[in-house]
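In what follows, a structure is listed as C-alpha cells, so that the remarks can point back to it.
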Amino acid sequence: MPTAISTPCSAMSWLCWRGCWVNSAMPFSGVYGHERQINFLKNALLRDRVAQAYLFDGMAGVGKKTTALAFARALNCLGTEEETGEFCASCRKIETGNHPDILFVAPEGKFIKIGQIRELARQMCFRPLEGRRRVVIIEEAHAMNDEAANALLKTLEEPAPGNVLILLTSRSEALSRTIASRCQRLRFAPLPVSAVEAFLKERRGMGEEESSMLAATSAGCIGRVIDRDPEASRRFEEDILGVLEISGDAGDENPLAPFLVVARFGDDRAAIVEKLELMKEWYRDVLVLHETGREGLVLHRDLLNCTRRAADRSTSDRLTRNIECVEAARRAVDRNANSRLVLESMMFKLRQPSTGRRQPAARGR
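See below:
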C-alpha cells in the first residue's frame, strides 16, 4: 500500500505510489472548491484503490472536467520537479492536451455513437504508451445512444487493466442506470460564489467589482463565466427575466403569456434547453428562499430581486410543481418535440393556481 508523508517546509503532502513519490497537492492545484471530491480521489490514490470507472455528476460548468483532468495528472504524475513546485513533464503534457494516454470522447452532433465507443474499446486493449494509467474522459455521457451505451457497458463489465474511465454528466437521469451502477459516483454541487470570485481574481486577473458582479451570475459554476460575452449574457438574462415576468411569477400576470413566451425563447433548440435549465434553477432558488429565508443559498444572485418577489407571493406546492413542469418541457424539447407547442403548454401550466397555503419564511442571510 502507498505511504504518505508531509514536508513541513512546503506544507504539502507527498505520496509514494507504485514506486514514485508524488506531490498529491500539485495535480489538484487548479481545482477551486470541491474539497470532498478531491479528498476522495486522493484517498483512492493513497490506498491504491483507484476504481476502473467513475461518474462525475453535476451542473454544466461546475468543474467536473477540471477535476477529471487533475485526477488524470495525479494518476500519471512523475513527481520529479518537487523542488520547483511546478508540474512535472507528464502533468504539463496533460495540461496542454498533448499526453497520448489521456483520451476524450464527446458527442458527434447530438449523440455519442457506437463507432466512437468501439474505437475507444480498441485503444483500451493496449497498454498505456507513456503513463501508468490511460485515462478516458467521456463528456456528456448521457448523450450516448442505446447502441453506444450497450457497447460501453460491455467495456465496463470486462475492463482492460491500466485504464480509468471518467464519465461526465449534467443529466444523470438520462444515463443508463446499469452504466451508472458500474461506476463510483461523485456528485459536484455548485460552488460558493466566493470560490468563483476567487478564481476570477486569481486566474483571470479581475478586480474586486468585476469579479464580484460576474460571480453573482455564475450559479456556482465557473464554466458559465469563463470567456462569457457580456453583451450576449445581458441579452440572455433579459430573455429569462422576460419569460419569468410573463409567467406571472416575477411580475404582473399577462393573459397573452403562452403566446408571448415563444418569442422570448427564440428558435434555437439548444438555447431553448439552456433557458429552460436556467428557469428550473431559478424556481429552485425561489423555493429555497421561500422555505428557508436564507438569501445566501440563492444560486442566481443577479436575479435576487425578482427571486424575493416570487418567494413572497408563491407557495411551496406551486414552486415544486413549476420545477417539475419546466423539467418536463426541457426533456420534451431535448427529444425534438415541437418547441412552440411545448412552451405554450408549459406556460399555461405555470399559470395554474396552486391550492397550497402561502407560508413565506423570515428573510435571512
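Take 10 as the starting number for the sequence shown in this note's numbering and just add one per residue. Glycine is no exception: its CB is placed at the ideal position from the N, C-alpha and C atoms.
* Asked: Taking buried to mean at least 16 other C-beta atoms within 10 Å of its own C-beta, is P137 buried or exposed?
  -> Position 128 of the sequence shown, counting from 1, holds the residue named residue 137. That one is buried.
* **Spatial distance of F274 from N159 (CA atoms)** => If you number the sequence shown from 1, residue 274 lands on position 265. If you number the sequence shown from 1, residue 159 lands on position 150. Cα to Cα, the separation comes out at about 35 Å.
* **Under the three-state DSSP convention, the category Q361 falls into** => Residue 361 sits at position 352 when you count from the first residue of the sequence shown. Coil, per DSSP.
* Can you tell me whether T226 is buried or exposed, with buried defined as 16 or more other CB within 10 angstroms of its CB? -> Here residue 226 corresponds to residue number 217 of the sequence shown, with the count starting at 1. That one is buried.
* Expected contact under 8 Å - CB spacing of L176 and Y63 to nearest Å -> As a working mapping, residue 176 is identified with position 167 in the sequence shown. As a working mapping, residue 63 is identified with position 54 in the sequence shown. That pair is a contact at about 7 Å.
* Asked: If we count the other Cβ atoms within 10 Å of its Cβ and call it buried at 16 or more, is R194 buried or exposed?
  -> Here the question's residue 194 lines up with position 185 in the sequence shown. Looking at its Cβ environment, which holds fewer than 16 other Cβ atoms inside 10 Å, R194 is exposed.
* Output yes or no for whether 9 Å exceeds the beta carbon distance between G72 and G42. => Position 63 of the sequence shown, counted from the start, is the residue given in the question as residue 72. Position 33 of the sequence shown, counted from the start, is the residue given in the question as residue 42. Against a cut-off of 9 Å, the Cβ pair of G42 and G72 comes out as a contact.
* DSSP state of A62, grouped into three classes? -> Counted from its first residue, the sequence shown places residue 62 at position 53. A62 carries a strand assignment under DSSP once its states are collapsed to helix, strand and coil.
* To do: Measure the beta-carbon distance from D110 to V144 and round it to whole angstroms, keeping in mind my assumption that it falls under 8 Å.
  => Position 101 of the sequence shown holds residue 110. Position 135 of the sequence shown holds residue 144. Yes, they are in contact, since the Cβ atoms of D110 and V144 sit about 7 Å apart, within 8 Å.
* **the region 198-205 touching the region 156-172, judged by at least three CB pairs closer than 8 Å** => no
* Asked: So, do the region 70-84 and the region 39-54 have three or more beta carbon pairs nearer to each other than 8 Å?
  -> yes
* **Cα-Cα separation between A320 and G229, rounded to whole angstroms** => Along the sequence shown, one-based indexing puts residue 320 at 311. Along the sequence shown, one-based indexing puts residue 229 at 220. Their backbone Cα atoms lie some 21 Å apart in a straight line.
* **Coarse secondary structure for L87, derived from DSSP in three states** => Locating residue 87 in the sequence shown gives position 78, where the first residue counts as 1. If DSSP states are grouped into helix, strand and coil, L87 belongs with coil.
* Going by the beta-carbon positions, is the gap between T329 and L296 smaller than 9 Å? -> Numbered from its first residue, the sequence shown carries residue 329 at position 320. Numbered from its first residue, the sequence shown carries residue 296 at position 287. It is a contact, given that the beta carbons lie within the stated cut-off.
* G260 (DSSP reduced to helix, strand or coil) -> As a working mapping, residue 260 is identified with position 251 in the sequence shown. Bear in mind that a pLDDT of 49 at G260, under 50, signals an unreliable position, so the number given afterwards is only what the model happens to contain. Coil at G260, not helix or strand.
* According to the Cβ coordinates, are L285 and L298 closer than 9 Å? -> The residue you call residue 285 lines up with position 276 of the sequence shown. The residue you call residue 298 lines up with position 289 of the sequence shown. Not closer than 9 Å, so no.
* **Own chain partners of Q361 with C-beta closer than 7 Å, once the 5 adjacent residues on each side are dropped** => If you number the sequence shown from 1, residue 361 lands on position 352. None.
* **For L176, the residue or residues it bridges with in DSSP** => Within the sequence shown, numbered from 1, the residue matching residue 176 stands at position 167. DSSP lists L64, I147 as partners of L176.
* Label M356 either buried or exposed according to how many other C-beta atoms from any shown protein chain fall within 10 Å of its C-beta, with 16 as the threshold for buried. => Locating residue 356 in the sequence shown gives position 347, counting from the first residue. It is buried - the Cβ of M356 has at least 16 other Cβ atoms within 10 Å.
* Going by the beta-carbon positions, is the gap between A157 and F120 smaller than 9 Å? -> One-based indexing of the sequence shown puts residue 157 at position 148. One-based indexing of the sequence shown puts residue 120 at position 111. Going by C-beta atoms, A157 is nearer than 9 Å to F120.
* Kindly give me the distance between the Cβ atoms of R142 and N172, rounded to whole angstroms, as I take these residues to be in contact under 8 Å. => Here residue 142 refers to the residue found at position 133 when the sequence shown is read from its first residue. Here residue 172 refers to the residue found at position 163 when the sequence shown is read from its first residue. Their Cβ separation, rounded to whole angstroms, is 7 Å, which keeps R142 and N172 in contact under 8 Å.
* Candidates T76, R303, R180, of which the one nearest D343 by Cα -> Reading the sequence shown from its first residue, position 334 is the one you call residue 343. The option with the nearest alpha carbon to D343 is R180.
* Helix, strand or coil for E117, going by three-state DSSP, please let me know. => By 1-based counting over the sequence shown, the position of residue 117 is 108. Three-state result, E117: strand.
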